[in-house]
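First comes the structure, then the notes that go with it.
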Amino acid sequence: AQSVTQPDIHITVSEGASLELRCNYSYGATPYLFWYVQSPGQGLQLLLKYFSGDTLVQGIKGFEAEFKRSQSSFNLRKPSVHWSDAAEYFCAVVSTGNQFYFGTGTSLTVIP
Amino acid sequence: GAVVSQHPSRVICKSGTSVKIECRSLDFQATTMFWYRQFPKQSLMLMATSNEGSKATYEQGVEKDKFLINHASLTLSTLTVTSAHPEDSSFYICSALGLAGGAREQYFGPGTRLTVT
Numbered sequence: 037a038q039s040v041t042q043p044d045i046h047i048t049v050s051e052g053a054s055l056e057l058r059c060n061y062s063y064g065a066t067p068y069l070f071w072y073v074q075s076p077g078q079g080l081q082l083l084l085k086y087f088s089g090d091t092l093v094q095g096i097k098g099f100e101a102e103f104k105r106s107q108s109s110f111n112l113r114k115p116s117v118h119w120s121d122a123a124e125y126f127c128a129v130v131s132t133g134n135q136f137y138f139g140t141g142t143s144l145t146v147i148p
Numbered sequence: 032g033a034v035v036s037q038h039p040s041r042v043i044c045k046s047g048t049s050v051k052i053e054c055r056s057l058d059f060q061a062t063t064m065f066w067y068r069q070f071p072k073q074s075l076m077l078m079a080t081s082n083e084g085s086k087a088t089y090e091q092g093v094e095k096d097k098f099l100i101n102h103a104s105l106t107l108s109t110l111t112v113t114s115a116h117p118e119d120s121s122f123y124i125c126s127a128l129g130l131a132g133g134a135r136e137q138y139f140g141p142g143t144r145l146t147v148t
């Protein structure tokens with residue numbers, strides 16, 4: 037069965053510091069993977085996605101993610117965090133039936 | 032880009048009444064839409080898959096008679112919460128399945144905050 041694990045419930049980083057949010061998935065075939073960001077009371081905004089090809093994916097707002105099949109991971113990174121990046125981040129894998137399986141999310145706090 | 036809207040963005044209703052939430056794909060046709068529910072500080076929980084012209088498929092544990100889904104056109108799906116109770120208060124998000132670069136992708140609406148008093 038498909039599943040997504042985000043091991044870190046909450047992360048706090050200083051503004052300007054680097055960020056890595058972890059995501060591990062369980063899926064039998066080649067996965068379609070996504071990272072979304074959600075600000076309080078808002079819907080989901082797509083940061084980036086991986087379907088195939090280059091395993092390092094560039095997204096919006098300076099985010100990138102690397103697909104590592106051997107580790108079943110799709111970690112999200114940003115070299116320098118801005119205060120506006122504080123939000124909830126969700127990793128998701130989509131099945132062949134087009135259903136999304138979301139991780140439990142990681143809440144990011146940015147301190148000045 | 033593909034845009035999905037939801038209406039209303041916020042609704043407050045009294046216990047026992049019904050509330051309808053609309054989900055529209057604005058610039059593309061969506062044969063499949065999804066409805067999610069999100070509790071505070073939690074992830075999205077898939078409630079049902081809505082296919083145009085056919086009955087929705089509900090996830091296990093979701094009451095289909097309470098959460099009525101209608102997907103009457105290729106751009107509109109509605110979720111009606113019938114006889115709402117305070118425990119139905121939640122953030123409801125829809126998404127529409129579209130094509131992006133040859134691959135299917137879900138486009139999410141901004142969500143509807145339902146408060147039942």
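In the order they appear, the protein sequences are chains A and B.
Position in the first sequence counted from 1, then plus 36, gives you this note's numbering.
Position in the second sequence counted from 1, then plus 31, gives you this note's numbering.
Ideal placement from N, C-alpha and C gives every residue a C-beta, glycine not left out.
Amino acids of chain A, ordered along the chain, whose beta-carbon sits closer than 8 Å to that of residue i
| i | result |
| --- | --- |
| B:Gly-92 | Result: empty, since nearest Cβ-Cβ is about 15 Å, beyond 8 Å. |
| B:Leu-212 | As displayed, chain B neither begins before 32 nor continues past 148, which places residue 212 of chain B out of reach and without an answer. |
Partners in chain A for residue i, counting only beta-carbon separations shorter than 9 Å
| i | result |
| --- | --- |
| B:Phe-98 | Those do not exist, as B:Phe-98 stays about 17 Å from chain A at its closest Cβ, beyond 9 Å. |
| B:Arg-144 | Gly-77 |
| B:Leu-110 | Per Cβ cutoff of 9 Å: no residues; B:Leu-110 is ~15 Å from chain A at best. |
Rounded C-alpha distance that separates residue i from residue j
| i | j | result |
| --- | --- | --- |
| B:Ile-43 | B:Lys-51 | 12 Å |
| A:Val-146 | A:Gln-74 | 15 Å |
| A:His-46 | A:Leu-144 | 6 Å |
Beta-carbon neighbours of residue i, restricted to chain B and to distances below 7 Å
| i | result |
| --- | --- |
| A:Gly-139 | Ser-74 |
Identified DSSP bridge partners for residue i
| i | result |
| --- | --- |
| B:Ser-105 | The sequence shown places Leu at residue 105 of chain B, rather than the Ser named in the question. Paired residue(s): none; B:Leu-105 is not in a bridge. |
| B:Val-42 | B:Leu-145 |
| B:Arg-68 | B:Met-76 and B:Tyr-123 |
Segment limits, beta strand (DSSP E) that includes residue i
| i | result |
| --- | --- |
| A:Phe-126 | 123 to 130 |
| B:His-38 | 35 to 38 |
| A:Phe-136 | 136 to 138 |
| A:Val-49 | 46 to 50 |
| A:Leu-84 | 80 to 86 |
| A:Val-146 | 142 to 147 |
| A:Glu-100 | 100 to 104 |
Residue i: contacting residues in chain A (beta-carbon distance under 7 Å)
| i | result |
| --- | --- |
| B:Pro-141 | Gln-78 and Gly-79 |
| B:Leu-57 | Those do not exist, as B:Leu-57 stays about 14 Å from chain A at its closest Cβ, beyond 7 Å. |
Practice problem: Closer than 9 Å, Cβ to Cβ, to anything on chain B: give me those residues from the stretch 63 to 86 of chain A, in chain order. | Solution: Tyr-68, Phe-70, Tyr-72, Gln-74, Gly-77, Gln-78, Gly-79, Leu-80, Gln-81, Leu-82 and Lys-85
Quiz item: In chain order, what residues of the stretch 95 to 126 of chain A put their CB closer than 9 Å to some CB of chain B?
Solution: Glu-124 and Phe-126
Practice problem: Using a Cβ-Cβ cut-off of less than 7 Å, give me the residues of the stretch 37 to 54 of chain B that come near chain A, in sequence order. | Solution: none
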